[in-house]
Amino acid sequence: MRIDVLTLFPGLFPGPLGDSVIGRAVRNGIVEINAVNVRDWAVDKRGTVDDKPYGGGPGMLMMVDPLVGAIRAKKRRDSLVVLTSPRGELFNQEIANELAEEKHLIIVCGHYEGIDQRVIDSEVDREISIGDYVLSNGVLPAMVICDTVARLLPGALGDDESSRHESHMDGLLEYPQYTRSVTREGDGVPEVLLSGDHSKIEKFRRKEMERLTRCRRPDLWEKYLIEGRMKGQRR
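Offset between the sequence shown (1-based) and the numbering used here: plus 334.
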């Protein structure tokens, strides 16, 4: 996969994307992440990329020409253009799974009071928000999307099975896990996990996933129940 991030702050990259899982994926050629400076497509020598909005109002808007120029310079036939925006659809694991199927993502980082609507209408395929709050610009949301999507690519985690047992992958939160400790060897670890009975362990973990989701995320639990009923009806 290739990801081009269009931003006014390319110097913030790779940041956390240069280390750990994603850094390894980049070095191994599993994903290519490029920071693209939108100012390179400014229409004047000053590198102007923003202007006052028509109709008045506070703040500035990112202009049409630099953004459209940057997007079209990077766009391919298989590209999907994503805008980070507080009014976009709320990012979740399901959307991450969908984006991980793409060959080329162009992530446009919003800034100032937003971007000219004409850019959205003509160039953007999806608007995505990482939460119901407002950030200074779209760099952090872009990094979150890059991280979440890249780790789903085959080979990124080393063991592809790992991602299938994480929170949200099955609509539930992940079960508690334990490992060895010199000072607390076996202390407080549920006996079933020490039994070696994989069938019982699987049932225990599933029960814990359901318990945690029901207690901590009733919204996810309700969605899980509804989808379960729908699957039962389809059968």
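Every residue gets a Cβ at the ideal spot worked out from N, C-alpha and C, and that includes glycine. Every value quoted in this text rests on a predicted model; they were computed, and no experiment measured them.
- DSSP places E436 in the coil class of the three-state scheme, outside both helix and strand.
- By the Cβ criterion, the region 519-528 is not in contact with the region 432-447, since fewer than three pairs of Cβ atoms, one from each stretch, lie closer than 8 angstroms.
- D384 has M396 as its beta-bridge partners, per DSSP.
- Cβ neighbours of I337 within its own chain (closer than 6 angstroms, five residues either side excluded): I367, L439 and C480.
- For G422, no alpha helix (DSSP H) segment is defined; the enclosing uninterrupted segment is the beta strand (DSSP E) at S413 to L424.
- The secondary-structure analysis by DSSP pairs R410 with nothing; it has no beta-bridge partner.
- Residue environment for I560: exposed (fewer than 16 other C-beta atoms within 10 angstroms of its C-beta).
- Judged by DSSP in its simplified three-state form, E508 adopts coil rather than helix or strand.
- A contact between stretches requires three or more CB pairs, one per stretch, nearer than 8 angstroms, and the region 416-426 meets this requirement with the region 460-478.
- Of the candidates D504, G505, L507 and L528, the residue whose Cα lies closest to the Cα of T513 is L528.
- Our two residues, A376 and P400, have alpha carbons roughly 5 angstroms apart in a direct line.
- Taking a C-beta distance under 7 angstroms as the contact criterion, V383 and M394 do not qualify as a contact pair.
- With contact defined as three or more Cβ pairs closer than 8 angstroms, the region 400-419 and the region 338-347 are in contact.
- The bridge partners DSSP lists for N368 are D338.
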